[in-house]
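S.K.:
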Amino acid sequence: EHGFIKDAVDISADELREYLSPFIAPALTERFQFSRTWIRAQFARINDPRQPGYTTMLKVNLPPEYLLIHRVWLGGIGVLSQLGADAPFAAILAESLPGFEPATARDEPA
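Those letters in the sequence shown? Residues -13 to 96, by the numbering used here.
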């Protein structure tokens, strides 16, 4: 629908989940500390042709209308990593991102 996966590309939900899960790690815990080590590991994971993340990255498409927000988001993550920021990122996202629901809220029984 949004064009992140082109029609001709074959990618499984598991491949996509494995590729994206480290990027959402800050939102899955009560608190998260960004670090240079963490961001280096993410960069290595998707830029090493020997790693599955590299192949998956090549299958994912970034539609042009998402380029600016993607660059701003990654720039912010870079700054947070340089600073070693430690905060309740899931709560911050829940407060400032419409429609975001922390994993803990989704996992609680109704």
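C-beta atoms are modelled at their ideal positions from N, C-alpha and C, and glycine is treated no differently.
Excluding the 5 residues preceding and the 5 following Phe20 in the sequence, name in chain order all residues of the same chain whose CB lies nearer than 8 Å to its CB.
M.R.: Residue 20 sits at position 34 when you count from the first residue of the sequence shown. So the list reads Pro12, Ile63, Leu66, Ser67, Leu69, Gly70, Ala71 and Asp72, once near-sequence residues are dropped.
S.K.: Whole angstroms is fine: what's the gap from Asn33's alpha carbon to Gly61's?
M.R.: The residue you call residue 33 lines up with position 47 of the sequence shown. The residue you call residue 61 lines up with position 75 of the sequence shown. Each residue's alpha carbon lies about 17 Å from the other.
S.K.: Evaluate Ala76 with the Cβ neighbour count: other Cβ atoms within 10 Å of its Cβ, from every protein chain shown; 16 or more gives buried, anything less gives exposed.
M.R.: Here residue 76 is taken as the residue at index 90 of the sequence shown, counted from 1. When all chains shown are included, Ala76 counts as buried.
S.K.: Please classify Thr42 as buried or exposed, where buried requires at least 16 neighbouring CB atoms within 10 angstroms.
M.R.: Mapped onto the sequence shown, residue 42 falls at position 56. Buried, since its Cβ has 16 or more Cβ neighbours within 10 Å.
S.K.: Over the uninterrupted alpha helix (DSSP H) stretch that includes Lys45, give me the two end residues.
M.R.: Taking the sequence shown and counting its residues from 1, the one referred to as residue 45 is at position 59. Here the alpha helix (DSSP H) through Lys45 covers Pro38 to Lys45.
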